[in-house]
Amino acid sequence: MDKKKEILFNLNNFLLSKSIVLDYVNNEKKATKLGHLKRVSYVALSLGVILKLDNKQLSDLCSYSLCSSLALNQASDNKTLCELSNEYVKDFPFIQKQKDILLYQKEHFDGSGIFGLKNEQTPLFSQIIFFATSLDEEFDLSSFDPVKKEKILNYIKSNENKLFSKQIVDSFFKINESINFWLDLENESDILLFIYTLLEDFSQALKFEELLKIANNFLKLVEPQSKLLDNIGKISDFYALEHKDKITLQIAAGFCKIGKLAVSKDILEKIEPLDIYEKEQIKTYPYYTKKVLSNIMGFNDIASWAMKVQERLDASGYIFGFENKSLSFKDRVLINANVYDALLQEKAYRKASTKEEAIKIMKNESSKLDISITNDMAVIFKI
Numbered sequence: 061m062d063k064k065k066e067i068l069f070n071l072n073n074f075l076l077s078k079s080i081v082l083d084y085v086n087n088e089k090k091a092t093k094l095g096h097l098k099r100v101s102y103v104a105l106s107l108g109v110i111l112k113l114d115n116k117q118l119s120d121l122c123s124y125s126l127c128s129s130l131a132l133n134q135a136s137d138n139k140t141l142c143e144l145s146n147e148y149v150k151d152f153p154f155i156q157k158q159k160d161i162l163l164y165q166k167e168h169f170d171g172s173g174i175f176g177l178k179n180e181q182t183p184l185f186s187q188i189i190f191f192a193t194s195l196d197e198e199f200d201l202s203s204f205d206p207v208k209k210e211k212i213l214n215y216i217k218s219n220e221n222k223l224f225s226k227q228i229v230d231s232f233f234k235i236n237e238s239i240n241f242w243l244d245l246e247n248e249s250d251i252l253l254f255i256y257t258l259l260e261d262f263s264q265a266l267k268f269e270e271l272l273k274i275a276n277n278f279l280k281l282v283e284p285q286s287k288l289l290d291n292i293g294k295i296s297d298f299y300a301l302e303h304k305d306k307i308t309l310q311i312a313a314g315f316c317k318i319g320k321l322a323v324s325k326d327i328l329e330k331i332e333p334l335d336i337y338e339k340e341q342i343k344t345y346p347y348y349t350k351k352v353l354s355n356i357m358g359f360n361d362i363a364s365w366a367m368k369v370q371e372r373l374d375a376s377g378y379i380f381g382f383e384n385k386s387l388s389f390k391d392r393v394l395i396n397a398n399v400y401d402a403l404l405q406e407k408a409y410r411k412a413s414t415k416e417e418a419i420k421i422m423k424n425e426s427s428k429l430d431i432s433i434t435n436d437m438a439v440i441f442k443i
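Each residue of the sequence shown is one higher than the one before, starting from 61 at the first, in the numbering used here.
Structure follows, in structure tokens:
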């Protein structure tokens, strides 16, 4: 592996970490308990074992399951969720990539689903993900209750050859025989132990350019209009940063707002002024960015830059309150570029600034933002 051009990357490690914030979106829009995507993956993998999937198939099934609600933050209905999620994962390095798994993840076995696929027209992975997702959304698998268990089994049996295939139903009834299955679902650490024990390590050398595509997709999930990655690229070129430094800083930029998925959209898009409690809630997002990125192997530098995106030179930023001497040049580049990008975007509560207005605002914040970088940005963006 060429460390100047590649990173050792494990897709399931990456997606399990990302599920931390995606679960907040599921909680807000689907009312599922936190840990939803891990539970979906646990049920899916348990079925995969019964169905005798091989190690590569199990690894990919876990990855697709963890991506099942990837675009939920942007989707207004299940059809849009399926279409957008399917589009976003096209750049993901699955072991054996399959076509349209997430596009058909809401299909019904009898053909009454979104796209009307019937019986085995729906890919097996899609069938499994739909089954696992349906159970946790309908019944909340995070707590065991014998009465609820009976209701779940009745629900599954009554929907045999309607929502679910007989093959899936029969496989689940074999899983159901073990009380261990139900109790593991109560504890996230038990689920993670199951996943990491079951799955073979398919870590691979991934080119930084491929990771950048993934980072760009995650930025789109949060801020579809953002030009942050392009701007970071131009600033990096101006300062003649080496290729690895430039592209890893761009990757950090792509992930620096991922923590916003843990904050309610009602707060992020509120037109009226925020109250003190809502402001505090927004200030938590770099914490969740840190929590996600710090759990991904090989992301030490990326996490360090991304989590400091709201810090300021005078220590007035968050979440750490770092001051001038604690912020590196790359930290400052990302901080300045993020402010510039935010000012140029139209928000529900304000109009977008022009490039000239944005730079003027930033120059007036010289105690908080690196004024030399701000001045250079005026040159870079021809202001």
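Glycine included, C-beta positions come from ideal geometry on N, C-alpha and C.
Span of the beta strand (DSSP E), counted from its first residue to its last, around residue i
{"i": "F69", "result": "E66 to F69"}
{"i": "L266", "result": "Q264 to K267"}
As assigned by DSSP and simplified to three states, the class of residue i
{"i": "F224", "result": "strand"}
{"i": "K211", "result": "helix"}
{"i": "K407", "result": "strand"}
{"i": "T257", "result": "helix"}
{"i": "K166", "result": "coil"}
{"i": "D305", "result": "helix"}
{"i": "D391", "result": "helix"}
{"i": "T92", "result": "coil"}
{"i": "D151", "result": "helix"}
{"i": "Q158", "result": "coil"}
{"i": "E198", "result": "helix"}
{"i": "I239", "result": "helix"}
{"i": "Q341", "result": "helix"}
{"i": "T349", "result": "helix"}
{"i": "L279", "result": "helix"}
{"i": "A412", "result": "coil"}
{"i": "G173", "result": "coil"}
{"i": "S77", "result": "helix"}
{"i": "P206", "result": "helix"}
{"i": "K178", "result": "coil"}
{"i": "Q285", "result": "coil"}
{"i": "K217", "result": "helix"}
{"i": "I274", "result": "helix"}
{"i": "I356", "result": "coil"}
{"i": "V100", "result": "helix"}
{"i": "K442", "result": "coil"}
Endpoints, alpha helix (DSSP H) assigned at residue i
{"i": "Q117", "result": "N115 to L126"}
{"i": "E383", "result": "No alpha helix (DSSP H) contains E383, which DSSP labels as neither H nor E."}
{"i": "E371", "result": "E371 -> no alpha helix (DSSP H), and no H or E assigned at all."}
{"i": "S296", "result": "L288 to F298"}
{"i": "C316", "result": "Taken as a continuous stretch (DSSP letters only), C316 belongs to no alpha helix (DSSP H), as it is neither H nor E."}
{"i": "L132", "result": "Careful: L132 lies outside any alpha helix (DSSP H) and carries neither H nor E."}
{"i": "F430", "result": "Just to set this straight, residue 430 is Asp in the shown sequence, not Phe. Note, D430: premise wrong, no alpha helix (DSSP H); not H, not E."}
{"i": "A418", "result": "K415 to K423"}
{"i": "A375", "result": "Unbroken run through A375: none, as it is neither H nor E."}
{"i": "I331", "result": "Premise fails: I331 is in no alpha helix (DSSP H) and is neither H nor E."}
Distance between residue j and residue i (C-alpha atoms, nearest Å)
{"i": "A397", "j": "E198", "result": "43 Å"}
{"i": "C127", "j": "N424", "result": "42 Å"}
{"i": "A402", "j": "K226", "result": "51 Å"}
{"i": "V282", "j": "E88", "result": "15 Å"}
{"i": "D114", "j": "S427", "result": "58 Å"}
{"i": "L162", "j": "N146", "result": "5 Å"}
{"i": "S15", "j": "V399", "result": "The structure shown does not extend to residue 15, since the chain is modelled only from 61 to 443, so the question has no answer here."}
{"i": "V229", "j": "D137", "result": "27 Å"}
{"i": "S172", "j": "A366", "result": "44 Å"}
{"i": "I116", "j": "Q285", "result": "Here the sequence assigns Lys to residue 116, which means Ile is not the residue at that position. Taking the straight line joining both Cα atoms gives about 36 Å."}
{"i": "K442", "j": "L118", "result": "51 Å"}
{"i": "V85", "j": "K78", "result": "12 Å"}
{"i": "I440", "j": "I419", "result": "11 Å"}
{"i": "N70", "j": "Q156", "result": "14 Å"}
{"i": "F233", "j": "E180", "result": "20 Å"}
{"i": "L266", "j": "K63", "result": "10 Å"}
{"i": "K306", "j": "K390", "result": "9 Å"}
{"i": "M357", "j": "S238", "result": "33 Å"}
{"i": "L68", "j": "Q264", "result": "6 Å"}
{"i": "Q341", "j": "D170", "result": "44 Å"}
{"i": "F278", "j": "K407", "result": "19 Å"}
{"i": "E329", "j": "G108", "result": "40 Å"}
{"i": "D335", "j": "G314", "result": "29 Å"}
{"i": "N236", "j": "I212", "result": "10 Å"}
{"i": "A139", "j": "R410", "result": "The sequence given here places Lys at residue 139; Ala does not occur at that position. If I take the Cα positions, the gap works out to 31 Å."}
{"i": "G176", "j": "Y164", "result": "9 Å"}
The ligand COA heavy atom lying under 6 Å from the CB of residue i
{"i": "V352", "result": "Looking at this structure, you won't find the ligand COA or any other ligand, since it has none at all."}
| message | For the pair the region 386–404 and the region 426–438, tell me if three or more CB-CB distances fall below 8 Å. | response | At 8 Å Cβ cutoff, the stretches touch.
- Should the region 112–131 be called in touch with the region 68–84, which here means at least 3 C-beta pairs below 8 Å? They touch, by the three-pair rule.
The region 367–386 contacting the region 88–99, beta-carbon criterion three pairs below 8 Å: In this structure the region 367–386 does not lie against the region 88–99, because fewer than three pairs of beta carbons, one per stretch, are closer than 8 Å.
Tell me whether the region 257–273 and the region 307–314 touch, counting them as touching only if at least three CB pairs, one residue from each stretch, are closer than 8 Å. The way I'd put it, the region 257–273 does touch the region 307–314; three or more beta-carbon pairs between them come closer than 8 Å.
_the region 289–306 touching the region 341–354, judged by at least three CB pairs closer than 8 Å_ = Output reads no: the region 341–354 does not touch the region 289–306.
- Query: On the three-pair Cβ rule with 8 Å, is the region 216–233 touching the region 246–261?
  - Reply: Verdict: no, contact absent.
Review point. Are at least three pairs of beta-carbons, each pair with one atom in the region 101–110 and one in the region 176–193, less than 8 Å apart?
Key: Segments in contact, yes.
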